[in-house]
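Chains as they are written, first to last, in numbering that gives the first Met the number 0: chain U, 0 to 200; chain H, 0 to 200; chain E, 0 to 200; chain P, 0 to 200. Contents: one structure, followed by commentary.
Number of protein chains: 4
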Amino acid sequence: MSAVAEDREGGARRGRPRDANVESAILDAAVAIINEVGYNDLSIEAVASRAGVGRPTVYRRWPSKLDLVVDAVVRLSPAVSAPDTGDVFTDLVELISGTIEDMTSSSVGRAILALAGTAAADRAELADRFNEHYLVPRRAAFLATLRRGIDAGRLRADIDPDLILDLMLGAPTYRWLTTGHPIDKIAARRVVETVWSLVKA
Amino acid sequence: MSAVAEDREGGARRGRPRDANVESAILDAAVAIINEVGYNDLSIEAVASRAGVGRPTVYRRWPSKLDLVVDAVVRLSPAVSAPDTGDVFTDLVELISGTIEDMTSSSVGRAILALAGTAAADRAELADRFNEHYLVPRRAAFLATLRRGIDAGRLRADIDPDLILDLMLGAPTYRWLTTGHPIDKIAARRVVETVWSLVKA
Amino acid sequence: MSAVAEDREGGARRGRPRDANVESAILDAAVAIINEVGYNDLSIEAVASRAGVGRPTVYRRWPSKLDLVVDAVVRLSPAVSAPDTGDVFTDLVELISGTIEDMTSSSVGRAILALAGTAAADRAELADRFNEHYLVPRRAAFLATLRRGIDAGRLRADIDPDLILDLMLGAPTYRWLTTGHPIDKIAARRVVETVWSLVKA
Amino acid sequence: MSAVAEDREGGARRGRPRDANVESAILDAAVAIINEVGYNDLSIEAVASRAGVGRPTVYRRWPSKLDLVVDAVVRLSPAVSAPDTGDVFTDLVELISGTIEDMTSSSVGRAILALAGTAAADRAELADRFNEHYLVPRRAAFLATLRRGIDAGRLRADIDPDLILDLMLGAPTYRWLTTGHPIDKIAARRVVETVWSLVKA
DNA sequence: TTATAAACGAGACGGTACGTCCTGTCTTTTA
DNA sequence: TAAAAGACAGGACGTACCGTCTCGTTTATAA
């Protein structure tokens with residue numbers, strides 16, 4: 000449920016109701032602008048203007064740029080699905096390279112990282128929202144794949160799935176962050192191969 | 000070598016030379032402000048004012064806030080030293096928990112991450128400077144420790160040190176980034192323990 | 000009618016209307032500052048600050064310092080009244096010495112002259128505004144006095160009143176401009192006496 | 000004598016003497032820039048740069064923009080010569096229309112007026128210099144013409160030549176200043192004709 | 001000759017003001 | 001009563017000049 004909707008409950012309000020199209024238009028505009036100029040150079044002004052909306056209308060819904068962008072990123076992020084090719088190893092490579100691709104290819108991906116740092120640092124509530132809508136589904140898909148491997152007897156049952164996740168996603172993310180070099184599928188495969196020996200049954 | 004200094008070589012310049020104290024004052028001010036309000040809320044205005052310097056003097060040396068902050072962070076970053084307790088395992092735990100502590104405890108650490116994302120994304124030259132002065136020394140200390148382990152016969156000789164580094168540093172970094180939870184020495188030790196089996200001789 | 004107001008007509012505007020108090024505060028501040036430091040050293044910055052107003056608020060109404068000062072001077076200039084002592088000769092002396100006094104005694108007077116030169120030179124529209132609100136009323140008072148003299152049979156009916164005006168006001172103005180010496184009532188009387196013989200019936 | 004030269008007297012100085020070419024170059028540059036952008040938009044920076052000279056070199060000679068421009072205008076102003084067609088009336092028309100033309104046609108002319116106001120107002124010394132080098136020669140030419148008319152018996156001997164001058168030059172100047180309309184030879188002739196009856200023998 | 005001293009170009013310095021953009025709040029009309 | 005429009009105080013932007021101050025270099029006279 001969106002943070003925006005939560006004040007709707009409790010019966011119909013008086014006066015003109017909020018226009019749902021307005022909300023969409025604002026988030027769409029935010030996404031487009033992030034893609035063009037990145038998180039730092041996004042301004043509420045520009046979002047409102049592109050959405051064909053007054054600035055106060057934006058502020059009425061999101062108290063800050065950070066809040067707005069979190070919702071925009073959450074809305075934008077492509078749905079995740081745990082691939083199931085029948086081979087857990089392949090599934091893991093797919094998942095990781097897909098996730099890294101998400102992170103690194105678009106401005107939105109970079110916004111996500113900017114948000115990750117910022118929100119985690121001082122905005123627990125936002126971090127929670129971001130977690131709930133963005134990270135948790137991705138971790139879940141990953142963990143489901145691991146679980147499938149365990150059930151299939153290909154992975155050891157005593158592993159710490161979260162730690163494995165951190166290793167498999169953290170290593171390429173860190174490489175990208177610190178060197179700026181793109182992470183292709185081959186690099187992703189190498190990481191999975193390396194960690195694989197830790198987890199294989 | 001500082002980016003600021005590099006055009007000095009090749010004979011005496013004409014005109015009044017730049018004042019090194021001014022450079023120090025500006026970088027010190029930048030560091031202080033980053034620590035107080037973070038990268039995003041740092042303004043050139045505030046830096047100049049705190050440094051007791053005219054704004055144009057800042058712009059004369061660093062064309063943008065990003066350039067300035069990269070140099071400030073580079074100057075600030077504490078010297079790295081590869082610990083050498085005699086036990087490679089302990090050394091690795093120390094190194095990792097120290098590095099993560101660096102990253103996560105101070106505003107400057109968070110600025111570093113913000114920079115990592117931003118600079119990597121669109122400013123190859125800045126990323127290079129940041130790499131050269133900040134990341135490379137840290138990687139070097141880590142790799143030297145691994146090398147010592149190999150020489151001592153405790154680590155396999157055929158490992159890819161960079162990949163091991165990405166795993167050991169990437170996993171806790173990723174955890175911190177995505178959850179915001181601090182990484183203590185125990186968590187660092189768990190990562191090292193896990194990866195250790197990949198690398199032990 | 001103020002240049003600022005002229006685009007208000009034609010139905011109610013949307014959005015928050017401009018605050019008339021703000022306009023007053025800015026013009027008052029401009030007048031005060033002209034009186035203190037003169038036209039050349041007046042800065043929009045200082046005007047805004049003294050008026051307790053944001054700088055953009057000033058620019059929203061007047062695109063340049065010149066535009067602002069023209070309006071300020073127009074507002075400031077004391078109302079003119081054609082004196083009517085019953086004696087046209089005395090009236091003329093009063094009018095001239097008063098006008099010259101206006102021009103030369105205050106910083107605003109000097110601003111008026113600076114404006115006269117500047118505005119006339121390259122800003123027809125401003126010159127027109129200045130003319131309409133400042134010069135025309137003064138010319139009118141003068142011409143009315145001449146007309147009274149003609150009606151009373153003391154002045155010739157075939158004179159060119161504009162030319163007489165230029166002579167009576169231009170001579171002392173020119174003297175002041177080119178020598179910087181103040182023009183007192185005695186000097187004004189001498190001019191009127193001299194020109195009088197040209198116009199007396 | 001130029002204000003610049005006055006500290007030269009008293010024997011040769013030690014050290015490198017000032018370069019007269021530099022002085023010329025600066026004044027030429029100042030004149031050119033006044034012609035292009037006017038007095039208000041002239042900057043020392045631009046003058047120095049165009050003259051191929053360091054800024055301190057300008058300040059060494061002229062303490063302010065005003066001082067510099069006064070000298071520049073003085074240097075620029077075309078030599079005056081009292082025309083002598085044999086007919087005093089024609090001479091006066093020529094003189095007046097020429098002077099007005101000087102004043103109104105060029106940016107330098109407008110600078111002169113700006114200077115007249117500014118310098119007269121608060122800089123007695125500058126006003127004096129301007130007077131001495133610019134105005135006095137022009138008044139002298141005019142007065143010489145009047146004198147010739149008196150000697151020839153065409154003008155009354157008891158006139159106040161300064162007052163006549165103020166009338167004949169002041170009226171068209173004032174007209175131009177207050178209306179911005181150019182003063183052509185016909186307008187100049189009308190003024191002379193009008194005043195003529197005051198002065199003719 | 002050799003100092004010494006001033007002028008020169010260049011350009012950095014602490015500043016001020018520029019005119020613009022954006023912030024977050026407010027007031028008004030329209031729906 | 002929400003929405004759009006837009007004015008408001010304010011803050012920071014990056015730039016242009018200000019007038020002053022080093023610099024290294026050049027060009028004179030004085031020792």
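In this text, a Cβ means the ideal position worked out from N, Cα and C, and glycines have one as well.
**Message:** Output needed for residue 51/H: all residues of its chain with C-beta closer than 7 Å, excluding positions within five of it in sequence on either side, in chain order.
**Reply:** 24
**Request:** Would you list, in sequence order, the uninterrupted alpha helix (DSSP H) runs of no fewer than 4 residues that lie entirely inside the region 10-89 of chain U?
**Result:** 19-36, 43-50, 54-60, 64-75
**Asked** Are residue 106/E and residue 33/E touching if we call contact CB-CB under 8 Å?
**Response** yes
**Message:** When you compare the CB positions of residue 74/H and residue 125/H, do they come within less than 8 Å of one another, or not?
**Reply:** no
**Item:** Short CB-CB distance (under 8 Å) between residue 173/U and chain H
**Value:** yes
**Prompt:** If you measure from the beta carbon of residue 128/H to each beta carbon in chain U, is any gap under 8 Å?
**Reply:** no
**Message:** Nearest by alpha-carbon distance to residue 100/P: which of 182/P, 76/P, 190/P is it?
**Reply:** 182/P
**Asked** What whole-angstrom Cβ distance do residue 28/P and residue 49/P have, given they're in contact under 8 Å?
**Response** 4 Å
**Request:** With distances taken Cα to Cα, identify the nearest neighbour of residue 200/U among 146/U, 178/U, 39/U, 179/U.
**Result:** 146/U
**Prompt:** Quick one: is residue 78/E buried, meaning 16 or more other Cβ sit within 10 Å of its Cβ, or exposed?
**Reply:** exposed
**Asked** So is residue 2/E in contact with chain P if we call contact Cβ pairs under 8 Å?
**Response** Annotation note: pLDDT 43 at residue 2/E (below 50); position unreliable, no value reported.
**Item:** C-beta neighbour in chain P for residue 8/E, strict 8 Å
**Value:** Note that residue 8/E scores a pLDDT of 43, beneath 50, so its modelled location is shaky and nothing firm can be said.
**Request:** Could you tell me how far apart the beta carbons of residue 54/U and residue 47/U are, in whole angstroms, since I believe they sit closer than 8 Å?
**Result:** 5 Å
**Request:** Anything in chain E within Cβ reach of residue 201/P, meaning under 8 Å, just list it in chain order.
**Result:** Outside the modelled stretch of chain P, which goes from 0 to 200, sits residue 201/P, for which no answer is possible.
**Request:** Can you give me the start and stop residues for the alpha helix (DSSP H) that residue 152/U sits inside?
**Result:** Premise fails: residue 152/U is in no alpha helix (DSSP H) and is neither H nor E.
**Prompt:** Terminal residues of the continuous alpha helix (DSSP H) containing residue 200/U?
**Reply:** Segment: none, residue 200/U is in no alpha helix (DSSP H) and carries neither H nor E.
**Message:** Against chain U, with Cβ distances strictly below 8 Å, would residue 228/H count as a contact?
**Reply:** Nothing about residue 228/H can be reported from this structure: the residues present for chain H run from 0 to 200 only.
**Asked** What do you get for residue 84/H, buried or exposed, if any count of 16 or more other CB atoms within 10 angstroms of its CB means buried?
**Response** exposed
**When 195/E, 112/E, 65/E are compared against residue 40/P, the one with the closest alpha-carbon** = 65/E
**Request:** Please classify residue 111/E: is it buried, with 16 or more other beta-carbons within 10 angstroms of its beta-carbon, or exposed?
**Result:** buried
**Asked** Secondary structure at residue 3/U, three-state DSSP: helix, strand or coil?
**Response** No answer about residue 3/U holds up, because its pLDDT of 43 lies below 50 and its placement is not dependable.
**Request:** Please check if any C-beta of chain P sits within less than 8 Å of the C-beta of residue 179/E.
**Result:** yes
**Request:** At 9 Å on the CB atoms, spell out the chain E contacts of residue 134/P, in chain order.
**Result:** 177, 178
**Item:** Listed by chain order, chain E residues near residue 162/P by CB distance under 8 Å
**Value:** 170, 189, 190, 193
**Item:** Contact set between residue 183/H and chain U, taken where Cβ atoms lie within less than 8 Å
**Value:** By Cβ distance, chain U contributes nothing, its closest Cβ being about 15 Å from residue 183/H, past 8 Å.
**Message:** Helix, strand or coil, according to DSSP, for residue 143/U in the structure here?
**Reply:** helix
**Message:** Can you pull the chain E neighbours of residue 67/P, defined as C-beta to C-beta under 7 Å?
**Reply:** Chain E residues near residue 67/P: none, gap ~15 Å exceeds 7 Å.
**Asked** Taking 8 Å as the CB-CB limit, is residue 154/E close to chain P?
**Response** no
**Item:** Contact test: residue 178/E Cβ vs the ligand FMN heavy atom, cutoff 7 Å
**Value:** The ligand FMN is absent from the structure shown, which contains no ligand whatsoever.
**Message:** Under 8 Å: do the region 166-186 of chain E and the region 167-177 of chain P share three or more Cβ pairs, one atom per stretch?
**Reply:** yes
**Prompt:** So is residue 200/E in contact with chain P if we call contact Cβ pairs under 8 Å?
**Reply:** no
**Request:** Can you give me the Cβ contacts of residue 30/H inside the same chain, cut-off strictly under 6 Å, excluding the 5 residues immediately before and after it?
**Result:** 71, 75
**Message:** Would you say residue 41/H lies against chain U (beta-carbon separation less than 8 Å)?
**Reply:** no
**Prompt:** Taking C-alpha atoms, which residue in 15/E, 38/E, 57/E lies nearest to residue 22/E?
**Reply:** 57/E
**Message:** Does chain P have any CB closer than 8 Å to the CB of residue 165/E?
**Reply:** yes
**Whole-angstrom distance between residue 144/H and residue 19/H, CA atom to CA atom** = 36 Å
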